[in-house]
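Report on the structure given below.
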Amino acid sequence: MIAAIATAFIFLLLQVFVQHKPKPVANYDKLIALNEWKYKSLEIFSLIPLFFFIGSIAYIFYLLGNDIQGFITKSDNSDYSIFPEPNFWLMIGMFFGFGLIITPMEVLYRMVLREEYPAYIEYTNRKHGYNGLKVLRPLCIILVVAGVILSFLGLNWSVKMRDNTITFNDFFQLQPQTYKAEDVLAIHHFSQIKNKEGVLEQRPHYKVLFSDGREWNTDKNMIGGSYETYTAMVKHLSIKSGNKISYQNLETL
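Position one of the sequence shown corresponds to residue 122 (the working numbering), numbered consecutively onward.
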């Protein structure tokens, strides 16, 4: 119900702030009289190539992101390291998929409609009451820019351990933070957590406390990484720092 009201409100705003002013198009009335059924059908069936192009573009950028990430991973000489999982690049691909959709769809429309293309665009604008391209182009630019920024941040995102140091390249920080083993104050392991609703969950994880107040909680580490990898890293850090792992059953959120 709320979603339906919000959608209706958005379309109302579009008709107010991006209101379409009818433009003269050669033979417009004649073309609409002859081909309105075709234009209506095109609006419906265009969803098929729309999702095809979005999926294809997203998959291309997904592969590209993984290939670049793979090159960075292979050139890394850390003892242990964690990088973004493949699903992260699928999300980035979706940003580019939606952001770059206008060009292939416009080419397709022009190929199908040819000289009727201006009439079709005018038809859809008048039908909906706002200029669709004026709405879509800024949104697509924002999505592409967001995709570029997130890609840059993602390629910098990692946790690396080498000898007696651990380096955090946080997602929203351009400067990495490096800690030595002697900066570790305590290491805890929890088998379960009690969430805010009081429900117990089996979620084994580690929590490492550093001297500057930083807390590395492997359960809240959005970068990903397997429990086995975290176990190996924490045990290595425990040996280097001389801090024994404190095993506890329950952590309360």
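Heads up, the beta-carbon is just placed ideally off N, CA and C, and yes, glycines get one too.
- request: Please go through the segment 296–334 and give each complete beta strand (DSSP E) segment of 3 or more residues, from N-terminal end onward.
  value: Taking only runs of at least 3 residues, the beta strand (DSSP E) segments lying wholly in the segment 296–334 are 298–301, 305–315 and 321–331.
- prompt: Under three-state DSSP, which class holds residue 286?
  reply: In the structure shown, residue 286 sits in a strand (DSSP, three-state: E or B).
- prompt: Which residue from 169, 261, 212 and 354 puts its Cα closest to that of residue 284?
  reply: For the residues 169, 261, 212 and 354, the minimum Cα distance to residue 284 belongs to 354.
query: Among all the DSSP beta bridges, which residues are the ones paired with residue 281?
result: Answer is 202 and 288, bridged to residue 281.
query: Using 8 Å as the threshold, is the segment 190–204 in touch with the segment 325–341, meaning 3 or more CB pairs across them?
result: Contact between the segment 190–204 and the segment 325–341 is absent, because fewer than three Cβ pairs lie under 8 Å.
- request: In angstroms with no decimal places, state the Cα-to-Cα distance between residue 183 and residue 363.
  value: In this structure, the CA atom of residue 183 is about 41 Å from the CA atom of residue 363.
- prompt: Roughly how many angstroms lie between the CA atoms of residue 360 and residue 203, to the nearest whole one?
  reply: Distance between the alpha carbons of residue 360 and residue 203: 20 Å.
field: Whole-angstrom distance between residue 221 and residue 263, CA atom to CA atom
entry: Roughly 11 Å between the two C-alpha positions.
query: What is the C-beta distance between residue 339 and residue 357, in whole angstroms, given that I count them as a contact (C-beta under 8 Å)?
result: A Cβ-Cβ separation of about 14 Å leaves residue 339 out of contact with residue 357 under the 8 Å criterion.
query: How far does the beta strand (DSSP E) with residue 336 in it reach, from first residue to last?
result: For residue 336, the enclosing beta strand (DSSP E) stretches over residues 336–338.
- request: May I ask you to report which of helix, strand or coil DSSP gives residue 208?
  value: Helix, per DSSP.
- prompt: What's the call for residue 280, buried or exposed, on a 16-neighbour Cβ count within 10 Å?
  reply: The residue is buried, with at least 16 neighbouring Cβ atoms inside 10 Å.
message: Check this for me: beta carbons of residue 244 and residue 165, under 8 Å apart or not?
response: Result no, Cβ atoms of residue 244 and residue 165 do not sit closer than 8 Å.
task: Throw me the rounded Cβ distance for the residue 226 and residue 170 pair, which I believe falls under 8 Å.
output: At roughly 7 Å, the Cβ-Cβ gap stays under 8 Å, so residue 226 and residue 170 are in contact.
query: Name the DSSP bridge partner or partners of residue 367?
result: Per DSSP, 309.
query: Hey, how far is the Cα of residue 365 from the Cα of residue 211?
result: Near 39 Å, if we compare the C-alpha coordinates of residue 211 and residue 365.
field: Collapsed DSSP secondary structure at residue 221 in the structure displayed
entry: In the displayed model, residue 221 falls within coil according to three-state DSSP, outside both helix and strand.
Alpha helix (DSSP H) segment containing residue 349, residue limits: Run containing residue 349: 348–362, per the alpha helix (DSSP H) assignment.
message: Can you look up residue 188 in the DSSP assignment and give me helix, strand or coil?
response: Here residue 188 sits in helix by DSSP.
message: Rounded to whole angstroms, what is the Cα-Cα separation between residue 268 and residue 216?
response: Rounded to whole angstroms, residue 268 to residue 216 spans 5 Å at the Cα level.
query: Nearest to residue 304 by CA position, among 286, 350, 232 and 272, is which residue?
result: Across the set 286, 350, 232 and 272, the C-alpha of 286 shows the shortest separation from the C-alpha of residue 304.
query: Leaving out five residues before and five after residue 345 in sequence, what residues of the same chain have Cβ atoms less than 6 Å from its Cβ?
result: So the list reads 206, once near-sequence residues are dropped.
- prompt: Alpha carbon to alpha carbon, how far is residue 274 from residue 342?
  reply: Spanning the alpha carbons of residue 274 and residue 342 requires a straight line of approximately 16 Å.
query: How big is the Cα-Cα spacing for residue 370 and residue 313?
result: The straight-line gap separating the alpha-carbon atoms of residue 370 and residue 313 is approximately 6 Å.
field: Which of helix, strand or coil DSSP assigns to residue 216
entry: Annotated three-state conformation of residue 216 is helix, per DSSP.
message: So, with DSSP's three-state summary, where would you put residue 293?
response: Collapsing the DSSP output to three states places residue 293 in coil.
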